[in-house]
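Presented below is the structure to which this report refers.
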Amino acid sequence: MRHLIDFGDMSRAEWDALYRRCSDIIDRPEAYRDACRGKVSASLFYEPSTRTNFSFQTAMLRLGGSVFGFADPNSSSVAKGETLKDTVKMVSGYADVVVMRTPWEGAARAASLYSDVPVINAGDGGHMHPTQTMADLTTITRLRGGVDGLSVGLCGDLKNGRTVHSFIKAMEKFQDVKFFLISPRELAVPGYMRDFMREQGMWFTEVTGLEAVIPQLDVLYMTRIQKERFLDPLEYERNKGIYILTRRKLDRARDDLLVMHPLPRVDEIAVDVDDDPRAVYFKQARFGMFARMALLYDLANQPRMDPEAVEIGRERVCSNPRCITRTEGYLPPLVKRIGGVDCCAFCDAPLR
Amino acid sequence: MRHLIDFGDMSRAEWDALYRRCSDIIDRPEAYRDACRGKVSASLFYEPSTRTNFSFQTAMLRLGGSVFGFADPNSSSVAKGETLKDTVKMVSGYADVVVMRTPWEGAARAASLYSDVPVINAGDGGHMHPTQTMADLTTITRLRGGVDGLSVGLCGDLKNGRTVHSFIKAMEKFQDVKFFLISPRELAVPGYMRDFMREQGMWFTEVTGLEAVIPQLDVLYMTRIQKERFLDPLEYERNKGIYILTRRKLDRARDDLLVMHPLPRVDEIAVDVDDDPRAVYFKQARFGMFARMALLYDLANQPRMDPEAVEIGRERVCSNPRCITRTEGYLPPLVKRIGGVDCCAFCDAPLR
Amino acid sequence: MRHLIDFGDMSRAEWDALYRRCSDIIDRPEAYRDACRGKVSASLFYEPSTRTNFSFQTAMLRLGGSVFGFADPNSSSVAKGETLKDTVKMVSGYADVVVMRTPWEGAARAASLYSDVPVINAGDGGHMHPTQTMADLTTITRLRGGVDGLSVGLCGDLKNGRTVHSFIKAMEKFQDVKFFLISPRELAVPGYMRDFMREQGMWFTEVTGLEAVIPQLDVLYMTRIQKERFLDPLEYERNKGIYILTRRKLDRARDDLLVMHPLPRVDEIAVDVDDDPRAVYFKQARFGMFARMALLYDLANQPRMDPEAVEIGRERVCSNPRCITRTEGYLPPLVKRIGGVDCCAFCDAPLR
Numbered sequence: 000m001r002h003l004i005d006f007g008d009m010s011r012a013e014w015d016a017l018y019r020r021c022s023d024i025i026d027r028p029e030a031y032r033d034a035c036r037g038k039v040s041a042s043l044f045y046e047p048s049t050r051t052n053f054s055f056q057t058a059m060l061r062l063g064g065s066v067f068g069f070a071d072p073n074s075s076s077v078a079k080g081e082t083l084k085d086t087v088k089m090v091s092g093y094a095d096v097v098v099m100r101t102p103w104e105g106a107a108r109a110a111s112l113y114s115d116v117p118v119i120n121a122g123d124g125g126h127m128h129p130t131q132t133m134a135d136l137t138t139i140t141r142l143r144g145g146v147d148g149l150s151v152g153l154c155g156d157l158k159n160g161r162t163v164h165s166f167i168k169a170m171e172k173f174q175d176v177k178f179f180l181i182s183p184r185e186l187a188v189p190g191y192m193r194d195f196m197r198e199q200g201m202w203f204t205e206v207t208g209l210e211a212v213i214p215q216l217d218v219l220y221m222t223r224i225q226k227e228r229f230l231d232p233l234e235y236e237r238n239k240g241i242y243i244l245t246r247r248k249l250d251r252a253r254d255d256l257l258v259m260h261p262l263p264r265v266d267e268i269a270v271d272v273d274d275d276p277r278a279v280y281f282k283q284a285r286f287g288m289f290a291r292m293a294l295l296y297d298l299a300n301q302p303r304m305d306p307e308a309v310e311i312g313r314e315r316v317c318s319n320p321r322c323i324t325r326t327e328g329y330l331p332p333l334v335k336r337i338g339g340v341d342c343c344a345f346c347d348a349p350l351r
Numbered sequence: 000m001r002h003l004i005d006f007g008d009m010s011r012a013e014w015d016a017l018y019r020r021c022s023d024i025i026d027r028p029e030a031y032r033d034a035c036r037g038k039v040s041a042s043l044f045y046e047p048s049t050r051t052n053f054s055f056q057t058a059m060l061r062l063g064g065s066v067f068g069f070a071d072p073n074s075s076s077v078a079k080g081e082t083l084k085d086t087v088k089m090v091s092g093y094a095d096v097v098v099m100r101t102p103w104e105g106a107a108r109a110a111s112l113y114s115d116v117p118v119i120n121a122g123d124g125g126h127m128h129p130t131q132t133m134a135d136l137t138t139i140t141r142l143r144g145g146v147d148g149l150s151v152g153l154c155g156d157l158k159n160g161r162t163v164h165s166f167i168k169a170m171e172k173f174q175d176v177k178f179f180l181i182s183p184r185e186l187a188v189p190g191y192m193r194d195f196m197r198e199q200g201m202w203f204t205e206v207t208g209l210e211a212v213i214p215q216l217d218v219l220y221m222t223r224i225q226k227e228r229f230l231d232p233l234e235y236e237r238n239k240g241i242y243i244l245t246r247r248k249l250d251r252a253r254d255d256l257l258v259m260h261p262l263p264r265v266d267e268i269a270v271d272v273d274d275d276p277r278a279v280y281f282k283q284a285r286f287g288m289f290a291r292m293a294l295l296y297d298l299a300n301q302p303r304m305d306p307e308a309v310e311i312g313r314e315r316v317c318s319n320p321r322c323i324t325r326t327e328g329y330l331p332p333l334v335k336r337i338g339g340v341d342c343c344a345f346c347d348a349p350l351r
Numbered sequence: 000m001r002h003l004i005d006f007g008d009m010s011r012a013e014w015d016a017l018y019r020r021c022s023d024i025i026d027r028p029e030a031y032r033d034a035c036r037g038k039v040s041a042s043l044f045y046e047p048s049t050r051t052n053f054s055f056q057t058a059m060l061r062l063g064g065s066v067f068g069f070a071d072p073n074s075s076s077v078a079k080g081e082t083l084k085d086t087v088k089m090v091s092g093y094a095d096v097v098v099m100r101t102p103w104e105g106a107a108r109a110a111s112l113y114s115d116v117p118v119i120n121a122g123d124g125g126h127m128h129p130t131q132t133m134a135d136l137t138t139i140t141r142l143r144g145g146v147d148g149l150s151v152g153l154c155g156d157l158k159n160g161r162t163v164h165s166f167i168k169a170m171e172k173f174q175d176v177k178f179f180l181i182s183p184r185e186l187a188v189p190g191y192m193r194d195f196m197r198e199q200g201m202w203f204t205e206v207t208g209l210e211a212v213i214p215q216l217d218v219l220y221m222t223r224i225q226k227e228r229f230l231d232p233l234e235y236e237r238n239k240g241i242y243i244l245t246r247r248k249l250d251r252a253r254d255d256l257l258v259m260h261p262l263p264r265v266d267e268i269a270v271d272v273d274d275d276p277r278a279v280y281f282k283q284a285r286f287g288m289f290a291r292m293a294l295l296y297d298l299a300n301q302p303r304m305d306p307e308a309v310e311i312g313r314e315r316v317c318s319n320p321r322c323i324t325r326t327e328g329y330l331p332p333l334v335k336r337i338g339g340v341d342c343c344a345f346c347d348a349p350l351r
């Protein structure tokens, strides 16, 4: 693995090796104190994401490496009048690894075409956020011994959540996971995710209530429901209580349940849940740091490498308005097949 | 000592030990070059304070540790839709020590209830700024051999200055300090500070002129007078010259006087004073860095520790509008006795 | 050399030594991994300049040192109500070297009068940018074995470009360099640069077309033409194509030509040039990092030193509205002779 753009690019064997490394770092952090000594990570956050940014920064620092970069585009002139390619060429001349967060879908893939050093996708718009998935899987594997065979409840806004979709997609690498999809009808998982689960032979059921299914769960993955997602605000007011996790609702759950959340939470988990040993969302954030340490350990120590020249794009092929190819016109017109359909190789949107 | 929230929490013996450490760092900085190697400090500045921020950052870097964080809330999404508790839980999962500056009184105390690692108060509104006091005491002790028995002039706005109040309170740990309080009448020390000095048996006198008392001083602590503090702007214009320290006024001072200032200065000390060997305000800033090194040396090397669960607050008990309990509703209703009065344990304001 | 304010302050021997150090760092970077261990660089960017800032930061990090500072004045309260002198006194108390970028001409020279540690000018308005020149010379020397005797084309806006003027001035240290100055007539080099080249006995010719001279060049230094520089926008539209470097124009150039650019480029070099081995502008940025490593290696390891007291300025002597002496009134009225004329020693403008 040279870059990490999409969790799906990794084989099960690669993930297992990465997890073993991560687990070893958790057990013996002092053994990794100089693992990236002399290495420098570029942290390019084109939109603010404090949690992810802090997690990557501390991951690198705890390996003995160092970090430079920007935390949002306003505090930087990089974005101004320069192509993504030129920024990446420049930055990859200074750094040993590039960590990148953008509002544009496919931007990390685009950057990887031009970078002399490995690129890590720290979130590209609503598209991918592979290290969040790594944090989630590390938490479950570390605390439950593995992911195979678990019953996982996903609760909240399952329609718009990038975290949830990435998590479901990652499950294709595991066996016999059962999904309980808990959401208001209007925020249910999109049709293509349902198709995906059917194709992969995953067991799933969709419900609107949390309390009835809680006793069956090994993992309850909570997500935020944003008021703005409801067409009818009254509908929101009627529904929101159903999806708030309280200590009382936890009474009927298993003793070894894991309550997870990508954070930040607003009020979808009551504060009194925090002191319950089953609440592991703050641990999950810390596990995310260790997972990123394992990843940086692998990637930041790779040699510099001149990327091969790629075709220069002459016209737009992708019609997704949030795709990186819309603003960076020189990108090559790369296509990939997803489920028999020609898709943009940057943002995965079907080509018309 | 697990956290540093208030200088008053420290015993004289603890301060003396900290100063000895600090003094050793000043004498042998190279011996401490790896003292915090592998340790990471979180620098959470919810309001900008370049001087304090730089001082803490360089203190950590000079111990071989590293730093991450934000320098003001706008360049960060942390403040957005997340409780202080959640931010602290997250950040203390990544860091070995948390340095925190906020506009809210009592915020560092609040953070210490939830943090897995030590919290240092780098200023919480107008309430406390314990490391400024450490910088002041280090300067005096290092340059005059000790604090006991000195005659200290405090000059400028003694009504509103957090620095001045903290300094006076810290003097309860020392013997026979004499205070010359030099200010316009409308900016004299508040009544409760006067009460405090009387209770502690401290010698003090209040005067409006600087020149008459200068010959008697071992230390002259200058502070800024802000024009806005005067009800009558003409009064300001009439008065300001009295409190400006010039080379000429210094003529009658002792040869071993220390002229101090917390910085930034505006024009309360004339530029020609800078070249006088008695002007130690720039040294004072540098001593502040060494004092913070001593503090970080102690705190950043402590083991992680799950804090004990605390009561969840259900209603506001403190009526101070700047108290952290006003915005963070889940904080426990902690009370402490100050001079026989029930006070908020976060901001020290008397409860009604 | 204690500070680096102006490339011209360096002798040829000093530059040669610096280049040898730089070249050794490029060959054996691992030998310098701890060369600045325990040293701290202050990065004071009073205006954003991501490229220069990143280059200096990574240079220090790759020497095992560390960095603190601000990336633009808005994210800092330093600029607020404090003189440059006081900021420098404070910061030089914390740091081992100060890297400074300002919009004010002569600011780095001013800072060097008060700093306890070496000051590096990372650009002071339109005045000087010595480390850009170092990056340029390193690129040429490393890739062509030397600078003496080369034919150098400078193309674009030669009237307003600080980079170009610095480069030409630096050539006084080298032998037999031939200049091809390629620009629209209204953006030709200013008269005083032409005088300078004549005084120094430099060979130069001025042309308006790029294609005719390309075959004769060893180095083609491209710069950006800003539309706003043209009095007549139609003139810009008519001209811009002439100065855009394309793969086709390169067909007639030598095989060992170096195409350089200070970056960021907008469209003055077509994207398809990037894959030509003669395009070295991204390498040039990386060489800039190595050149800054050599400089920091020398300067950050120098001992602290109390600067001698300087005269306090009482009135303005320089009439350049962008000169640092206009806003920092206490600066001494220093004068230097340039070509027999009395000039401001900060900004080099002739005094009236």
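These protein sequence lines are chains A, B and C, in that order.
Take the first sequence: its position 319, counted from the start at 1, is 318 in numbering that gives the first Met the number 0, and no numbers get skipped.
Take the second sequence: its position 304, counted from the start at 1, is 303 in numbering that gives the first Met the number 0, and no numbers get skipped.
Take the third sequence: its position 73, counted from the start at 1, is 72 in numbering that gives the first Met the number 0, and no numbers get skipped.
Heads up, the beta-carbon is just placed ideally off N, CA and C, and yes, glycines get one too.
None of the values given here were measured: they were computed from a predicted structure.
Beta-carbon to beta-carbon, residue 92 of chain B and residue 115 of chain B are separated by about 7 Å, close enough to satisfy the 8 Å threshold.
DSSP places residue 259 of chain B in the strand class (E or B) of the three-state scheme. By the Cβ test, the stretch 36-48 of chain C is in contact with the stretch 290-301 of chain C, since at least three Cβ pairs between them sit closer than 8 Å. Using beta-carbon distances, residue 81 of chain A counts as an interface residue toward chain C, with a partner under 8 Å. For residue 235 of chain C, there are no neighbours in chain B by C-beta distance under 8 Å, as the nearest C-beta there is about 37 Å away. As a beta-bridge residue in DSSP terms, residue 99 of chain C pairs with C:43, C:120. The contact set of residue 50 of chain B on chain C, defined by CB atoms closer than 7 Å, consists of 89 in chain order. Residues of the stretch 27-50 of chain C with a C-beta atom less than 7 Å from some C-beta of chain B are 37, 39, listed in chain order.
Neighbours of residue 276 of chain B in chain C, taken as residues whose beta carbon is under 7 Å from its own, are absent, since the nearest beta carbon is some 11 Å off.
Under the Cβ criterion of 8 Å, residue 151 of chain B is not counted among the residues facing chain C.
Here residue 59 of chain A has 40, 66, 295 as same chain residues with Cβ atoms under 6 Å from its own Cβ, once five neighbours each way along the sequence are excluded. Chain-ordered, the chain A residues with CB closer than 7 Å to the CB of residue 56 of chain C read 67. It is roughly 48 Å from the alpha-carbon of residue 186 of chain A to the alpha-carbon of residue 50 of chain B.
Here the C-alpha atom of residue 200 of chain B lies approximately 11 Å from the C-alpha atom of residue 193 of chain B. Residue C:182 holds the alpha-carbon nearest to the alpha-carbon of residue 225 of chain C among C:246, C:255, C:182. Sorting B:349, B:314, B:125 by C-alpha distance to the C-alpha of residue 338 of chain B places B:349 at the top.
In terms of Cα proximity to residue 98 of chain A, the closest of A:269, A:278, A:140, A:46 is A:46. For residue 204 of chain A, the enclosing beta strand (DSSP E) has its first and last residue at 202-206. In this structure, residue 15 of chain B sits away from residue 129 of chain B, with a CB-CB distance that is not shorter than 8 Å. Sequence-ordered contacts of the stretch 320-349 of chain B with chain A read 329 [C-beta pairs closer than 7 Å].
In this structure, the CA atom of residue 63 of chain B is about 16 Å from the CA atom of residue 56 of chain A. Between the alpha carbons of residue 277 of chain B and residue 268 of chain B lies a gap of roughly 13 Å. As DSSP reads the structure, residue 67 of chain C sits in a beta bridge with C:41. Taking C-beta atoms as the reference points, residue 137 of chain B and residue 31 of chain B fail to come closer than 8 Å.
The Cβ neighbour count for residue 61 of chain C, taken over all protein chains shown within 10 Å, is at least 16; the residue is labelled buried. Taking 4 residues as the minimum length, the alpha helix (DSSP H) runs contained wholly in the stretch 172-226 of chain A are 190-198, in order along the chain.
Only those residues of the stretch 86-114 of chain C whose C-beta falls short of 8 Å from the nearest C-beta of chain B are listed: 88, 89, 90, 92, 93, 94. Residue 43 of chain C sits away from residue 96 of chain C, with the two beta carbons spaced by 8 Å or more. A distance below 8 Å separates the beta carbons of residue 157 of chain C and residue 188 of chain C.
Following the DSSP letters along the chain, one finds residue 336 of chain B inside the beta strand (DSSP E) bounded by residues 334-337. For residue 282 of chain B and residue 288 of chain B, the gap between their C-alpha atoms comes out near 10 Å.
With a threshold of 16 other beta carbon atoms within 10 Å, residue 222 of chain B meets it and is buried.
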